[in-house]
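Data first, discussion second: the structure below is written as structure tokens.
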Amino acid sequence: MTTSPVRPPEPRSAPAAPAWPDATGHFGIFGGRFVPEALIAALDELTEAYEAMKVDPAFLDEFAALQRDYTGRPSPVTEVARFAEHCGGARVLLKREDLNHTGSHKINNVLGQALLTKRIGKSRVIAETGAGQHGVATATAAALMGLSCTVYMGEEDTRRQALNVARMRLLGAEVIPVTTGSRTLKDAINEAFRDWVTNVETTNYVFGTVAGPHPFPAMVRDFQRVIGDEARAQLLDREGRLPDAVLACVGGGSNAIGIFTAFVPDDGVRLIGLEAAGDGVETGRHAATITGGSPGVLHGARSYLLQDENGQTIESHSISAGLDYPGVGPEHSYLHDIGRAEYRPITDAEAMEAFALLCRTEGIIPAIESAHALAGAMKVGRELGPDTLLLVNLSGRGDKDVETASAWFGLGDREEVDPGPGLDTDQQPTEGAVSNDEAVAGQDAGESA
Amino acid sequence: MSASQQRIHAARAEGRAALIAYLPVGYPDVDASIEALVAAVEGGADIVEIGVPYSDPGMDGPVIQQAVDVAVRAGVGLRDVLRAAEAVAAAGAVPVVMSYWNPIERYGVDRFAADLAAAGGAGVITPDLIPDEAGEWLAASDAAGLDRVFLVAPSSTEARLRSTVAACRGFVYAASTMGVTGTRATVGDAAEALVARTRQAVAQVGTDLPVCVGLGVSNGDQAAEVAGFADGVIVGSAYVRTLLDGHGPDGVRRLSADLARGVRQRAGAPA
Chain A
308 MTTSPVRPPE
318 PRSAPAAPAW
328 PDATGHFGIF
338 GGRFVPEALI
348 AALDELTEAY
358 EAMKVDPAFL
368 DEFAALQRDY
378 TGRPSPVTEV
388 ARFAEHCGGA
398 RVLLKREDLN
408 HTGSHKINNV
418 LGQALLTKRI
428 GKSRVIAETG
438 AGQHGVATAT
448 AAALMGLSCT
458 VYMGEEDTRR
468 QALNVARMRL
478 LGAEVIPVTT
488 GSRTLKDAIN
498 EAFRDWVTNV
508 ETTNYVFGTV
518 AGPHPFPAMV
528 RDFQRVIGDE
538 ARAQLLDREG
548 RLPDAVLACV
558 GGGSNAIGIF
568 TAFVPDDGVR
578 LIGLEAAGDG
588 VETGRHAATI
598 TGGSPGVLHG
608 ARSYLLQDEN
618 GQTIESHSIS
628 AGLDYPGVGP
638 EHSYLHDIGR
648 AEYRPITDAE
658 AMEAFALLCR
668 TEGIIPAIES
678 AHALAGAMKV
688 GRELGPDTLL
698 LVNLSGRGDK
708 DVETASAWFG
718 LGDREEVDPG
728 PGLDTDQQPT
738 EGAVSNDEAV
748 AGQDAGESA
Chain B
176 MSASQQRIHA
186 ARAEGRAALI
196 AYLPVGYPDV
206 DASIEALVAA
216 VEGGADIVEI
226 GVPYSDPGMD
236 GPVIQQAVDV
246 AVRAGVGLRD
256 VLRAAEAVAA
266 AGAVPVVMSY
276 WNPIERYGVD
286 RFAADLAAAG
296 GAGVITPDLI
306 PDEAGEWLAA
316 SDAAGLDRVF
326 LVAPSSTEAR
336 LRSTVAACRG
346 FVYAASTMGV
356 TGTRATVGDA
366 AEALVARTRQ
376 AVAQVGTDLP
386 VCVGLGVSNG
396 DQAAEVAGFA
406 DGVIVGSAYV
416 RTLLDGHGPD
426 GVRRLSADLA
436 RGVRQRAGAP
446 A
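Chains as they are written, first to last, in my numbering: chain A, 308 to 756; chain B, 176 to 446.
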């Protein structure tokens, strides 16, 4: 990588180009291409087209215009002082990816990949989605650019997230329920790869996160790094300084890589990824891949993953389906192993406490995915102490999570329940509410991963 | 020379193609799957691909997925595969293992290579490991004297055909169509074209590596067609289908016999 693929709207200085991956897509021992030979030609074609496109001024102009006029970039930075009262006196600034068109950072990546699809002359895109957000973003970009679109989604999720299925269909996409394996996001990815290898002549796979075979981890990072490029300039502009720590939730890890990348060369800035610990890493019911997993190969790349002694992928668990993925992007594994970033677990209960707190103190309903990053800020702020500056990526908005949150807090017909800042953090779903399990499966995967 | 290449050459000497049968270990259970593998040999398979169950079989179609799902849920692993290799070798066929990469990496690449060789296994087919990523496996398979079978596809460039063929030992697996495993009504022209291109690469590399064709073959007639241009005919989903339909080892034996007749009816010897 010698050139930034994305022009920040008002560049203060040229963003530093990441020193990795190498030419064959390796981040140290991680990454690479563990795919059937049949897909290598398509991955080579994609890599070549992307390398050409990212230094093509016409593409960069078109992409920048879309980001500005369609997505609504740059997204603002909001200081949340009332929320920060619960963060040990640290100041907390949110990068507002929730305000993007379609409601999350996912649109940043799909617009880039949809443009690339047109450039390589393909007319159809496919995508995986856990319960909808990357699928909705892909369907959106496909509608905008006149591409045919098929989205693979676990069967359970299509039933429980009927609203997002309807959104995708309204946008003209075909949604295919996946009934194989564990019927989750990971199986939707398997099914999308099977479609791709069969229809690769006409079809491009718009991958939703910084995982998968090369070039996806590098390409998706490059499309998402606008988050950190903007935020770094915004902080220098308004604060005249860099943050002490940058926090983001990590499922597959695209919003985290998006905000981390600009800060990687800034040695004094701590980069903290918050993984979904579900019921707690010690219970085995979690999605904290780096905290609780081990290196292996899944979905085309070597990275940390949750696996058993036979090398079988273990199903993950999180209240946030956007983080409910047993793998993680290879660059995160690398940043962890070289000690540049740290990864910490946040339980469902901790995330939901932070979720409620942001709602009640700031009038912002975050995605439950992003609430993991907020919970991280509450912990890290208390550790770092007063007057430290925390930058948190608010990767998505929480409209899609209203049902899950209502069930968690026992709202709905039980208005007397107060989910305010003083709520018991151990509070569990009340009797008669949707069980935690159902809430997990019904959540929106691929959302902020 | 490798055991699988030797066996394919022996078939060639008889004026026929080799029959390579695939079945996963652990469906319907470990013992019954080993019985089925042995039945495939008794029916006439020369080489048996012992499938390693994997939770995310990205190259497999619904038939094989359905069977390996059962095995994965039952906790079947490489130790069971080693047992199957011993049984196949004892039955008189050449056992090779077909595995996605992560189970082997998890077991330990060197350790698996040594254990497989000790169990009488001839080598490993790796559907999601390309030679570019196979450094550790190239060394381990050399050390243990195992075959390593990589795949080529209709989309492979000439350069990739050459580099893949150069990394193979035993035979090269030509995936006949762009797609996943499963039975098909016709094998198609793509297979023959790919075999021709692969043979060219084999000649350029200067070896005598056999080229075997997989994906889509399900009966004796199709086997005869493929045997007309390939050194070996690989059949997987049709065997698995037989077990899924409840026909058991007898059904597997009958299918092998039909396919074995097919590989003996081929039109002409390969170039």
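For glycine and all other residues, C-beta sits at the position ideal for the given N, C-alpha and C.
Distance, residue j Cα to residue i Cα
{"i": "residue 589/A", "j": "residue 191/B", "result": "58 angstroms"}
{"i": "residue 680/A", "j": "residue 312/B", "result": "40 angstroms"}
{"i": "residue 281/B", "j": "residue 462/A", "result": "30 angstroms"}
{"i": "residue 390/B", "j": "residue 355/A", "result": "29 angstroms"}
{"i": "residue 558/A", "j": "residue 369/B", "result": "40 angstroms"}
{"i": "residue 416/A", "j": "residue 509/A", "result": "20 angstroms"}
{"i": "residue 202/B", "j": "residue 336/B", "result": "34 angstroms"}
{"i": "residue 261/A", "j": "residue 554/A", "result": "Chain A is shown from 308 up to 756; residue 261/A falls before or after that span and cannot be answered."}
{"i": "residue 390/A", "j": "residue 513/A", "result": "36 angstroms"}
{"i": "residue 227/B", "j": "residue 235/B", "result": "12 angstroms"}
{"i": "residue 599/A", "j": "residue 378/B", "result": "49 angstroms"}
{"i": "residue 441/A", "j": "residue 432/B", "result": "49 angstroms"}
{"i": "residue 493/A", "j": "residue 187/B", "result": "43 angstroms"}
{"i": "residue 342/A", "j": "residue 303/B", "result": "4 angstroms"}
{"i": "residue 232/B", "j": "residue 275/B", "result": "7 angstroms"}
Expected contact under 8 angstroms - CB spacing of residue i and residue j to nearest Å
{"i": "residue 415/B", "j": "residue 408/B", "result": "Wrong, their Cβ atoms sit about 16 angstroms apart, outside the cutoff."}
{"i": "residue 580/A", "j": "residue 538/A", "result": "That belief does not hold up - the Cβ atoms of residue 580/A and residue 538/A are roughly 16 angstroms apart, past 8 angstroms."}
{"i": "residue 701/A", "j": "residue 401/A", "result": "4 angstroms"}
{"i": "residue 652/A", "j": "residue 662/A", "result": "At roughly 16 angstroms, the Cβ-Cβ gap does not stay under 8 angstroms, so residue 652/A and residue 662/A are not in contact."}
{"i": "residue 254/A", "j": "residue 698/A", "result": "The structure shown does not extend to residue 254/A, since chain A is modelled only from 308 to 756, so the question has no answer here."}
{"i": "residue 337/A", "j": "residue 608/A", "result": "7 angstroms"}
{"i": "residue 350/A", "j": "residue 522/A", "result": "7 angstroms"}
{"i": "residue 471/A", "j": "residue 515/A", "result": "With a Cβ gap of about 14 angstroms, residue 471/A and residue 515/A do not count as contacting."}
{"i": "residue 260/B", "j": "residue 288/B", "result": "Incorrect: roughly 13 angstroms between the Cβ atoms, too far for contact."}
{"i": "residue 348/A", "j": "residue 435/A", "result": "Wrong, their Cβ atoms sit about 21 angstroms apart, outside the cutoff."}
{"i": "residue 703/A", "j": "residue 676/A", "result": "6 angstroms"}
Cross-chain neighbours of residue i in chain B, by beta carbon under 8 angstroms
{"i": "residue 343/A", "result": "233, 234, 302, 303, 326, 328, 350"}
{"i": "residue 603/A", "result": "277, 280, 281"}
Simplified DSSP assignment, three categories, for residue i
{"i": "residue 509/A", "result": "coil"}
{"i": "residue 706/A", "result": "helix"}
{"i": "residue 416/A", "result": "helix"}
{"i": "residue 562/A", "result": "helix"}
{"i": "residue 355/B", "result": "coil"}
{"i": "residue 614/A", "result": "strand"}
{"i": "residue 548/A", "result": "coil"}
{"i": "residue 452/A", "result": "helix"}
{"i": "residue 183/B", "result": "helix"}
{"i": "residue 407/A", "result": "coil"}
{"i": "residue 221/B", "result": "coil"}
{"i": "residue 673/A", "result": "strand"}
{"i": "residue 464/A", "result": "helix"}
Chain A contact residues for residue i, given Cβ-Cβ distances below 7 angstroms
{"i": "residue 296/B", "result": "Chain A residues near residue 296/B: none, gap ~18 angstroms exceeds 7 angstroms."}
{"i": "residue 247/B", "result": "619"}
8 angstroms Cβ cutoff, residue i in contact with chain B
{"i": "residue 635/A", "result": "no"}
{"i": "residue 387/A", "result": "no"}
{"i": "residue 490/A", "result": "no"}
{"i": "residue 487/A", "result": "yes"}
{"i": "residue 340/A", "result": "yes"}
{"i": "residue 327/A", "result": "no"}
{"i": "residue 618/A", "result": "yes"}
{"i": "residue 374/A", "result": "no"}
Neighbour list for residue i in chain A, Cβ cutoff strictly below 8 angstroms
{"i": "residue 355/B", "result": "501, 504, 505"}
{"i": "residue 428/B", "result": "Residues of chain A passing the Cβ test: none, with the nearest at roughly 29 angstroms."}
{"i": "residue 358/B", "result": "Chain A residues near residue 358/B: none, gap ~15 angstroms exceeds 8 angstroms."}
CB contact check: residue i to chain A, cutoff 8 angstroms
{"i": "residue 229/B", "result": "yes"}
{"i": "residue 280/B", "result": "yes"}
{"i": "residue 181/B", "result": "no"}
{"i": "residue 252/B", "result": "yes"}
{"i": "residue 240/B", "result": "yes"}
{"i": "residue 127/B", "result": "No answer is possible for residue 127/B: the residues shown for chain B start at 176 and end at 446."}
{"i": "residue 417/B", "result": "no"}
Listed by chain order, chain B residues near residue i by CB distance under 7 angstroms
{"i": "residue 497/A", "result": "231, 233"}
Residues that residue i contacts on chain A, provided the C-beta gap is smaller than 9 angstroms
{"i": "residue 331/B", "result": "344, 345, 347, 348"}
{"i": "residue 224/B", "result": "By Cβ distance, chain A contributes nothing, its closest Cβ being about 16 angstroms from residue 224/B, past 9 angstroms."}
Per-residue contacts from residue i into chain B (C-beta, under 9 angstroms)
{"i": "residue 493/A", "result": "230, 231"}
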